[in-house]
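Asker:
Number of protein chains: 2
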Amino acid sequence: MGMASHCEERHSPLTASILEPALLVLLKAQPRHGYTLLSDLASLGLNLLHPSVVYRALREMEDLEWVQSGWDTDQTQGPPRRVYRLTTQGEEALRNWQEELQRMQELIGRLLALSQS
Amino acid sequence: MGMASHCEERHSPLTASILEPALLVLLKAQPRHGYTLLSDLASLGLNLLHPSVVYRALREMEDLEWVQSGWDTDQTQGPPRRVYRLTTQGEEALRNWQEELQRMQELIGRLLALSQS
DNA sequence: CAATCTATTCTTGTTTTGTCAATAGTATTT
DNA sequence: AAATACTATTGACAAAACAAGAATAGATTG
Chain A
136 MGMASHCEER HSPLTASILE PALLVLLKAQ PRHGYTLLSD LASLGLNLLH
186 PSVVYRALRE MEDLEWVQSG WDTDQTQGPP RRVYRLTTQG EEALRNWQEE
236 LQRMQELIGR LLALSQS
Chain B
136 MGMASHCEER HSPLTASILE PALLVLLKAQ PRHGYTLLSD LASLGLNLLH
186 PSVVYRALRE MEDLEWVQSG WDTDQTQGPP RRVYRLTTQG EEALRNWQEE
236 LQRMQELIGR LLALSQS
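Each protein sequence line maps, in turn, to chains A and B. Numbering (my numbering) for the first sequence: 136 to 252. Numbering (my numbering) for the second sequence: 136 to 252.
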């Protein structure tokens, strides 16, 4: 799994702003650990994030009780992995984020339309 | 011009991230001063921004030479107004932002699709 | 047992953000 | 004409977020 290259260019603030909902979406599909999320985010197009940014976001979301974590000591190819899964509150947070993302998509659409006229 | 209400609720970081391209788009259409931009942003849906956030963004964009400003002492209903207009470099910055916004729109689309399946 | 890969946390300095106060001119009211 | 309210912008500061790298540590491979 090629986890080599981070941060070659500065990512826009937009990319970072979308990290939280992206994590919620991925965790809704199934529980994962941070290292996996890192590459899942990359395949979504969020490939410029420093690992510590992702881990920090996960810890913050755990403080908010949007996710819960536990240790996975089995089937690991390294040290124990922290496995995150969505909580009920996290599902609600995701629904709020969905509305926010929809508003944002419409706004971006309006901006693009305006900027091309 | 009802400029009353700012910041009743916390705005998401997404909203703030989109401020810069929004200002460029508005200034591409015509030169404006900050106070007008404030209400133009509001009618675009960016209504939760504190005035000083907008003024600061404008000053930063002037440092980058994306916009130029001059004083408008005539036709004012108050103190002199600083009028901003887009520079050639600002137009190029806007083109870069357009691509960024398009990428972001696609990414949000993918997230929304994933989160609803 | 040294090197490498997987996996997460911690630390530190820098940037960005949010908020509030300050300034100041004009318009309106009394 | 003094007081008040509205228009318009700037400055300052604390709090939060971010970037990057170092530190930790288990597993695997040679």
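C-beta atoms are modelled at their ideal positions from N, C-alpha and C, and glycine is treated no differently.
With G169(A) as the anchor, note down where its beta strand (DSSP E) starts and where it stops.
Answerer: Numbered from 1 along the first sequence, position 34 holds the residue referred to as residue 169(A). First-last for G169(A): 169 to 179, but that is the alpha helix (DSSP H), not the beta strand (DSSP E).
Asker: Would you grab the beta carbon distance between L255(A) and L221(A) for me? Rounded to a whole angstrom, and I think it's under 8 Å.
Answerer: Outside the displayed span of chain A (136 to 252) sits residue 255(A), for which this structure offers no information.
Asker: Residue range of the alpha helix (DSSP H) that L199(A) falls in?
Answerer: As a working note, residue 199(A) is residue 64 in the first sequence. Segment: none, L199(A) is in no alpha helix (DSSP H) and carries neither H nor E.
Asker: Please identify the residue among Q237(A), A157(A), P215(A) whose C-alpha is closest to the C-alpha of L193(A).
Answerer: Your numbering for residue 193(A) matches position 58 in the first sequence. For L193(A), the nearest C-alpha among the options comes from A157(A).
Asker: Give me the subset of the stretch 211 to 235 of chain B whose CB atoms are less than 7 Å from a CB atom of chain A, sorted by chain position.
Answerer: Hits within the stretch, in order: L229, Q233, E235.
Asker: Would you mind reading off the limits of the beta strand (DSSP E) that contains L221(A)?
Answerer: The residue labelled residue 221(A) in the question sits at position 86 within the first sequence. 216 to 221 is the extent of the beta strand (DSSP E) around L221(A).
Asker: With a threshold of 8 Å between beta-carbons, can A192(A) be considered close to chain B, or not?
Answerer: Counting from 1 along the first sequence, the entry for residue 192(A) is found at position 57. Taking Cβ atoms only, chain B never reaches closer than 8 Å to A192(A), which makes this a no.
Asker: Give me the residue from T208(A), W206(A), S187(A), Y219(A) with the minimum Cα distance to E200(A).
Answerer: As a working note, residue 200(A) is residue 65 in the first sequence. Considering only alpha carbons, the answer is Y219(A).
Asker: Look at the Cβ atom of S250(B), then the Cβ atom of L229(A), and state whether they are nearer than 8 Å.
Answerer: In the second sequence, residue 250(B) corresponds to position 115, counting from 1. In the first sequence, residue 229(A) corresponds to position 94, counting from 1. Yes; because the gap between Cβ atoms is below 8 Å, this pair is in contact.
Asker: Based on Cα-Cα distance, which residue from N231(B), Q237(B), S252(B) lies nearest to R245(A)?
Answerer: As a working note, residue 245(A) is residue 110 in the first sequence. The candidate whose alpha carbon is nearest that of R245(A) is Q237(B).
Asker: DSSP puts W206(B) in a beta bridge; with which residues?
Answerer: Walking along the second sequence from the start, residue 206(B) turns up at place 71. DSSP, once it has assigned bridges, lists R217(B) as partnering W206(B).
Asker: Return the CA-CA distance between L159(B) and H185(A), expressed in angstroms with no decimal places.
Answerer: Position 24 of the second sequence holds residue 159(B). Position 50 of the first sequence holds residue 185(A). Roughly 29 Å separates the two Cα atoms.
Asker: Give me, in chain order, the residues of the same chain whose beta-carbon lies closer than 6 Å to that of D207(A); leave out the 5 immediate sequence neighbours on both sides.
Answerer: The residue given as residue 207(A) occupies position 72 in the first sequence. Here the set comprises R216, V218.
Asker: What does a CB cutoff of less than 8 Å around N231(B) pick up in its chain, not counting 5 residues either side in sequence?
Answerer: Numbered from 1 along the second sequence, position 96 holds the residue referred to as residue 231(B). Taken in chain order, the list of residues that qualify is empty.
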